[in-house]
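In my numbering, the protein residues as written are 1 to 550. Glycine included, every Cβ here is placed at the ideal spot set by N, Cα and C. From a predicted model like this one, the values you see are computed outputs, not experimental measurements.
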């Protein structure tokens, strides 16, 4: 019976999805080279509306990078300075007013304003370096393949400070931003000499800094967590290591180790955690990490100061980041892809954006890890707006989501802006997550108008109906969303309400039946009949009363 009900629910959900797909306006897809989709409660991909659309694409020429080769310009560096980005690996949004870019292939750091125009360029940092093999440029040292950066105001000096993962120079640099062209070296974070650090190399790819000025670096080939330093450069250990990714191969090796000899065990490959790909920090100081794995083991984590993933305790295993299946067929590119998450960005409202390097998609979640929308796609030539071949970074700039494309053939920034559907989604989730279910209702209604199969819209409307004591309507919403827990709660309230509203009638019936039962008992005890009582032949209804056995 339960199987039949589940089948009916799936058919209802599928019907809603199909209706949505056919009733969507043509303009929903006109500007997008891909079909937007989401996932239902059965982990099935279903068509949806676009939450974001491409606002513009910004290339090096549009940034004004030609200024760097103009001798008359204050930002002039050399006549050979490239006017394009080259394999850019990372960017950072500072106070929603500046965008800093690690232009890796050009060995430089760039600063843009909110209009994506160049306002600063940095090829070196002044000051004496303690790192070996670093190229000297006058009184400073040149950057070599910088791959990550973090910009903040120093808690100790109050000055704008930049941290740079200077990959091929084997160092993390902390420098004061002195001018539009000059950085002053304050501290270098180098390869730890302690026995705890066992890697032979130190090639940092990403860096982040907490409010206590502790530095966390993602280092290539280090899988024991991010490398942590104090502000003064002292190595303090590792932070937030991933667990071993559980695969069929790992399980088989564990079984074989129980039977193998010592010599055979020594020859086996080790099962080790996967290293981070990137991380970000929210406004409360929690660090979010993302890992390029083929399963969901620690793919995305929210880490507390002790280094533990707090989502394990808050939402358990009931969340998935990226596509819900190991392999996804993309109709636009006619290829099969597997999720490979490469970057994460968390905005001031707790909205989480996760970038999938393999599929070129951005997966957006609310602060409770509920999937909001998916946008972007892969394209080997990346010649269409909203498509990527080498998406390296994602961030939020104001209300927009930006993606950095950094390959040998194309280097630019794609700016996505919310659609009307996306605006309603964000407002609905913001109110919903704050427990303001009734206030969120009109926004969920707008969402349902555009996407009748959007699961969380039905949950949100059901919560609003529950708050308004419309329990029967809430039950219908939760049934569509397959939210069994909320359905049971609504049914319990509905049952209580029904009993309360029918209490008088039920009480009268119970009292009447009780009186009749008492009368019957007395009559039976005294061997009385209605004929004896009334002295006449009883009517049929009276005979029936005599025969009551209640």
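Can you tell me where the beta strand (DSSP E) holding residue 412 begins and where it ends?
411-418
May I ask you to report which of helix, strand or coil DSSP gives residue 224?
coil
Any idea what DSSP makes of residue 90, helix, strand or coil?
strand
How about the stretch 174-181 and the stretch 114-132: do they share at least three Cβ pairs that are nearer than 8 Å?
yes
Residue of 232, 453, 90 and 444 minimising C-alpha distance to residue 188:
232
Endpoints, beta strand (DSSP E) assigned at residue 160:
160-166
With respect to the beta strand (DSSP E) encompassing residue 188, which residues constitute its N-terminal and C-terminal limits?
183-189
Could you work out which residue in 356, 171 and 436 is closest to residue 130 when comparing CA atoms only?
171
Do you know offhand how far residue 310's Cα is from residue 345's?
18 Å
Looking at residue 467: is its Cβ nearer than 9 Å to the Cβ of residue 443?
no
DSSP-derived helix/strand/coil call for residue 374:
strand
Going by C-alpha to C-alpha distance, which of 415, 321 and 100 sits closest to residue 89?
100
According to the Cβ coordinates, are residue 360 and residue 321 closer than 9 Å?
no
Where residue 451 and residue 365 are concerned, what is the direct C-alpha to C-alpha distance, given to the nearest angstrom?
18 Å
Could you tell me the alpha carbon to alpha carbon distance between residue 500 and residue 56, rounded to whole angstroms?
59 Å
Residue environment, residue 517, which counts as buried when at least 16 other CB atoms sit within 10 Å
exposed
So, with DSSP's three-state summary, where would you put residue 447?
helix
If you pair each beta-carbon of the stretch 31-42 with each one of the stretch 367-381, do three or more pairs fall below 8 Å?
yes
Run through DSSP, which three-state label would residue 129 get?
coil
Answer yes or no: do residue 447 and residue 457 have a C-beta to C-beta separation smaller than 9 Å?
yes
Please state the DSSP three-state secondary structure of residue 457.
helix
Where residue 475 falls, given that 16 or more other Cβ within 10 Å makes a residue buried
buried
Does the beta-carbon distance from residue 386 to residue 34 come in below 9 Å?
yes
Nearest to residue 418 (by Cα), restricted to the options 436, 401, 83 and 406:
401
According to DSSP, residue 180 sits in a beta bridge with which residue or residues?
Its beta-bridge partners do not exist; DSSP assigns none.
From residue 514 to residue 507, what does the alpha carbon distance come to, in whole angstroms?
10 Å
What are the boundary residues of the beta strand (DSSP E) that residue 122 is part of?
118-122
Counting only the same chain and skipping the five closest in sequence on each side, list residues whose C-beta sits under 7 Å from that of residue 27.
Reliability of the predicted coordinates at residue 27 is poor, the pLDDT of 38 falling under 50, and the value obtained from them is presented with this limitation in mind. Excluding residues within five positions, none has a Cβ falling inside 7 Å.
Euclidean distance between Cα positions of residue 241 and residue 464:
41 Å
Under 9 Å between C-beta atoms of residue 414 and residue 93
no
Counting only C-beta atoms, is residue 319 closer than 9 Å to chain B at any point?
Given the protein chain composition of this structure (a single chain), no chain B is represented.
Residue 257: buried (16+ other C-beta within 10 angstroms of its C-beta) or exposed?
At residue 257, the pLDDT of 46 sits below 50, so the modelled position is not reliable; the number obtained from the coordinates is stated separately. Classification of residue 257: exposed, given that the 10 Å Cβ count is below 16.
Distance check for residue 161 and residue 82, CA to CA, integer angstroms please.
25 Å
Which residue marks the beginning of the alpha helix (DSSP H) containing residue 488, and which one marks its end?
484-501
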